[in-house]
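Participant: Right, I'll just put the structure down here and ask away after.
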Amino acid sequence: MEFLTVLLDTMMNQGLAGIGAGLAAIGAGIGVGRIGGSALEAMARQPESLGDLRANMIVAAALVEGVALFGVIVCLLVALG
Amino acid sequence: MTLTPIQPAPFRPALRMACLLALFFALVFPVQASGGEGDGEKFSPGDMIMHHISDAHQIHIIGDLYIPLPVILLHDGHLDVFSSSKFWNGTNEHGELLFKPYTASSGVTYENHHEVITLAGGGHNHNEHVAHSSDSAHAAHPAPDSLANMTPGHGDVPHGEEEHASHDHPIDFSITKTVFGMLLVVCIMILLFRSIAKSYLRRKGQAPSGLQNMIEPFILFVRNDIAIPSIGERKADRYVPFLLTVFFFIWISNLLGLIPFIGGFNVTGTMSVTIVLATLVFIITTVSGNAHYWGHIVWPPGVPLPIKVILVPIEILSIFMKPAVLMIRLTANITAGHIIILAFVGLIILFGQNSAALGYGVGAGAVLFMVFMFFIELLVAFLQAYVFTLLAAIYFGDATQEHHHHEEPSHASH
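Chains as they are written, first to last, in this note's numbering: chain A, 1 to 81; chain B, 82 to 495.
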């Protein structure tokens with residue numbers, strides 16, 4: 001039992017931080033994927049609005065990525081100290 | 082008179098391919114050279130990444146070439162200024178710098194532990210910190226485990242011994258790598274914009290040319306596409322100088338962090354820098370908030386009372402959270418980009434340690450990924466500047482919004 005405790009103690013922080021970073025990446029992937037998908041759909045429906053959609057898509061993607069990287073920073077802090 | 086488009090001279094395909102290949106090998110070669118030294122301790126990519134991202138009191142160009150920066154310490158009311166090379170004590174087998182304590186001309190002895198300068202003989206708990214006297218013979222510490230050492234309480238020899246409890250650390254005003262990078266960006270900006278302003282004065286009424294011509298689209302972009310849509314035409318010009326400054330500062334700092342071989346600056350990836358930018362946005366938003374803005378926060382119109390009770394604390398919290406998220410977004414994006422690029426470099430060195438052929442093989446693929454990541458980082462450099470400026474403009478616009486008569490939601494007839 002002590003061995004397990006010691007093992008978990010030393011590996012807990014960094015292991016869970018790794019899992020957390022992966023989950024943040026999943027969140028970013030889903031979020032930005034949805035943004036890209038709707039933007040492409042809208043571009044297909046109305047090709048004249050290509051420029052407007054592209055600019056707004058990039059802005060929305062940057063905002064969503066910001067939140068995901070928030071999670072990455074927390075995991076980085078946990079893993080490194 | 083019709084204007085014919087200017088055709089670029091056709092670049093011979095073979096010459097272009099030769100240039101690309103030369104560039105490719107030029108990128109692969111230095112990475113292999115720097116990873117080949119030292120088979121003592123195992124190479125730790127985490128340590129290398131942290132070393133390149135963190136601040137330092139000297140600029141590490143390549144290999145053994147370090148540029149010392151001035152160390153300015155305020156302790157006990159007097160100022161100690163000296164070069165950071167006084168701390169240097171050779172390098173270990175990984176090429177990392179080792180430090181020794183230094184006694185300044187005022188008689189105070191300082192030590193450099195992981196780029197944090199403390200008084201010798203007091204301060205942190207470190208398991209390898211032997212010194213209880215001011216001149217320690219073994220101030221050099223083993224290079225890896227630098228991250229574990231930052232956590233207090235890891236020491237076998239916990240010494241809370243401090244001769245003077247009131248003098249913990251000197252206040253560090255040094256010109257560190259990040260400060261130097263910021264000063265560089267400020268110099269670039271001053272030179273750039275003073276020259277552009279002078280050209281506007283000299284070429285009054287004429288079409289812009291040269292540097293003025295290159296920067297004008299960005300200035301107009303910030304004014305017409307960021308400031309005016311968010312703040313409105315009447316009030317935008319009050320905030321445009323700040324938005325322009327912030328936009329170009331962040332963009333140029335981001336680009337500076339991408340230039341290789343000059344020491345790896347990480348100005349906007351440091352929380353200290355971005356928190357100041359976010360605080361400025363917060364101050365301007367708060368100061369320019371009119372009664373309409375505060376009224377909307379403490380008494381949001383158009384919501385029933387129970388929801389108001391929940392919404393008002395959220396709104397008050399969001400006053401502080403919005404600049405905080407600005408700060409985190411900028412720091413995280415830039416630092417993450419640097420970490421990814423450094424991780425690829427570390428990958429090459431890690432594989433190259435086992436066998437040189439494996440290093441070259443991994444090197445080819447990793448360099449391609451690195452080049453791809455560099456292009457993405459160029460986009461991110463501009464994008465993060467744009468997003469920061471856009472959100473700041475939106476917050477200013479919210480704060481100075483005039484009252485528009487809201488349509489009351491029509492109640493269904495009963």
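By construction, the Cβ of each residue, glycine as well, lies at the ideal position given by its N, Cα and C atoms.
Using a cut-off of 9 Å between C-beta atoms, extract the partners of residue 410 (chain B) located in chain A.
Facilitator: Correct list: 62, 63, 65, 66, 67, 69 and 70.
Participant: Under the rule that 16 or more other beta-carbon atoms within 10 Å means buried, what is residue 318 (chain B), buried or exposed?
Facilitator: Residue 318 (chain B) is exposed by the Cβ-count criterion.
Participant: Taking buried to mean at least 16 other C-beta atoms within 10 Å of its own C-beta, is residue 258 (chain B) buried or exposed?
Facilitator: Buried, by the Cβ-count rule.
Participant: Between residue 155 (chain B) and chain A, is there a C-beta pair that is closer than 8 Å?
Facilitator: No, because no Cβ of chain A sits closer than 8 Å to the Cβ of residue 155 (chain B).
Participant: Using the rule of at least 16 other Cβ atoms within 10 Å of the residue's Cβ for burial, across every protein chain shown, is residue 102 (chain B) buried or exposed?
Facilitator: Residue 102 (chain B) comes out exposed.
Participant: How big is the Cα-Cα spacing for residue 130 (chain B) and residue 140 (chain B)?
Facilitator: So the alpha carbons of these two residues sit roughly 15 Å apart.
Participant: Taking 8 Å as the limit between beta carbons, can you name the residues of its chain near residue 180 (chain B), skipping five residues before and five after?
Facilitator: Closer than 8 Å at the Cβ level, and outside the excluded window around residue 180 (chain B), lie 168, 169, 170, 192, 193, 194, 220 and 221.
Participant: From B:388, B:405, B:406 and B:378, pick the residue whose C-alpha is nearest to that of residue 396 (chain B); which is it?
Facilitator: Nearest of B:388, B:405, B:406 and B:378 to residue 396 (chain B), Cα basis: B:378.
Participant: Hey, residue 134 (chain B) and residue 342 (chain B): beta-carbon distance below 8 Å or not?
Facilitator: Not closer than 8 Å, so no.
Participant: If you check the beta carbons only, do residue 24 (chain B) and residue 431 (chain B) fall under 8 Å apart?
Facilitator: Look at the range of chain B in this structure, 82 to 495, and you will see that residue 24 (chain B) is not part of it.
Participant: Consider the Cβ of residue 59 (chain A): report whether some Cβ of chain B lies at a distance smaller than 8 Å.
Facilitator: Closer than 8 Å to some Cβ of chain B, the Cβ of residue 59 (chain A) qualifies, so yes.
Participant: Looking at C-alpha atoms only, which residue of A:37, A:69 and A:21 is the closest neighbour of residue 412 (chain B)?
Facilitator: Out of A:37, A:69 and A:21, A:69 has the C-alpha closest to the C-alpha of residue 412 (chain B).
Participant: From B:283, B:480, B:339 and B:388, pick the residue whose C-alpha is nearest to that of residue 370 (chain B); which is it?
Facilitator: Minimum Cα distance to residue 370 (chain B) is reached at B:480.
Participant: Restricting to Cα atoms, I'd like to know which of B:160, B:467, B:197 and B:482 is closest to residue 333 (chain B).
Facilitator: Measuring from the Cα of residue 333 (chain B), the nearest candidate turns out to be B:467.
Participant: Name the residues in the region 454 to 471 of chain B whose C-beta lies less than 9 Å from a C-beta of chain A; which are they?
Facilitator: So the close ones are 460, 461, 464, 465, 467, 468 and 471.
Participant: Residue 406 (chain B) versus chain A: which residues are under 9 Å apart at the beta carbon?
Facilitator: By Cβ distance, chain A contributes 66, 67 and 70.
Participant: Is the separation between the beta-carbon of residue 262 (chain B) and that of residue 346 (chain B) shorter than 8 Å?
Facilitator: Result yes, Cβ atoms of residue 262 (chain B) and residue 346 (chain B) sit closer than 8 Å.
Participant: Below 8 Å CB to CB, which residues in the same chain sit around residue 470 (chain B) once its five sequence neighbours on both sides are set aside?
Facilitator: These residues qualify, in order along the chain: 303, 307, 324, 327, 328 and 331.
Participant: Can you grab the Cα-Cα spacing for the pair residue 424 (chain B) / residue 15 (chain A), in whole Å?
Facilitator: Answer to the nearest angstrom: the Cα atoms are 19 Å apart.
Participant: Quick one: which chain A residues come within Cβ less than 9 Å of residue 414 (chain B)?
Facilitator: Simply 62, 65, 66 and 69.
Participant: Would you list the one or two residues that DSSP bridges to residue 155 (chain B)?
Facilitator: Answer by DSSP bridge pairing, in chain order: B:160 and B:252.
Participant: Let me make sure I understand the geometry here. Which of B:189, B:190, B:149 and B:145 has the alpha-carbon closest to that of residue 174 (chain B)?
Facilitator: When each option's Cα is compared against that of residue 174 (chain B), the closest is B:145.
Participant: For residue 473 (chain B), would you say it is in contact with chain A, using Cβ-to-Cβ distances shorter than 8 Å as the test?
Facilitator: With 8 Å as the cut-off, residue 473 (chain B) does not count as an interface residue toward chain A.
Participant: Using the Cβ count rule (16 or more neighbours within 10 Å means buried), how would you classify residue 410 (chain B)?
Facilitator: Answer is buried; the Cβ neighbour count reaches 16.
Participant: Would residue 28 (chain A) and residue 75 (chain A) be called neighbours here (beta carbons separated by less than 8 Å)?
Facilitator: No, the Cβ-Cβ distance between residue 28 (chain A) and residue 75 (chain A) is not below 8 Å.
Participant: Can you give me the Cβ contacts of residue 362 (chain B) inside the same chain, cut-off strictly under 6 Å, excluding the 5 residues immediately before and after it?
Facilitator: Around residue 362 (chain B): 404 and 473.
Participant: Going straight from the alpha carbon of residue 136 (chain B) to that of residue 287 (chain B), what length do you get?
Facilitator: Their backbone Cα atoms lie some 46 Å apart in a straight line.
Participant: Output the distance between the C-alpha atoms of residue 235 (chain B) and residue 9 (chain A), rounded to the nearest integer angstrom.
Facilitator: Low per-residue confidence applies at residue 235 (chain B): pLDDT is 40, beneath 50, and the placement is therefore not dependable, though the value from the model is reported in the following sentence. The alpha-carbon atoms of residue 235 (chain B) and residue 9 (chain A) are separated by roughly 14 Å.
Participant: List the residues of chain C that residue 417 (chain B) touches, going by C-beta distances under 7 Å, in chain order.
Facilitator: The question asks about chain C, but that chain is absent: this structure's protein chains are A and B.
Participant: So residue 443 (chain B) and residue 337 (chain B) are in contact, right, with Cβ under 8 Å, and what is the actual spacing, rounded?
Facilitator: Going by Cβ atoms, the distance from residue 443 (chain B) to residue 337 (chain B) rounds to 29 Å, so no, they are not a contact pair.
Participant: Look at the alpha carbon of residue 335 (chain B) and the alpha carbon of residue 373 (chain B), and state the distance between them as a whole number of angstroms.
Facilitator: Going from the Cα of residue 335 (chain B) to the Cα of residue 373 (chain B) covers about 36 Å.
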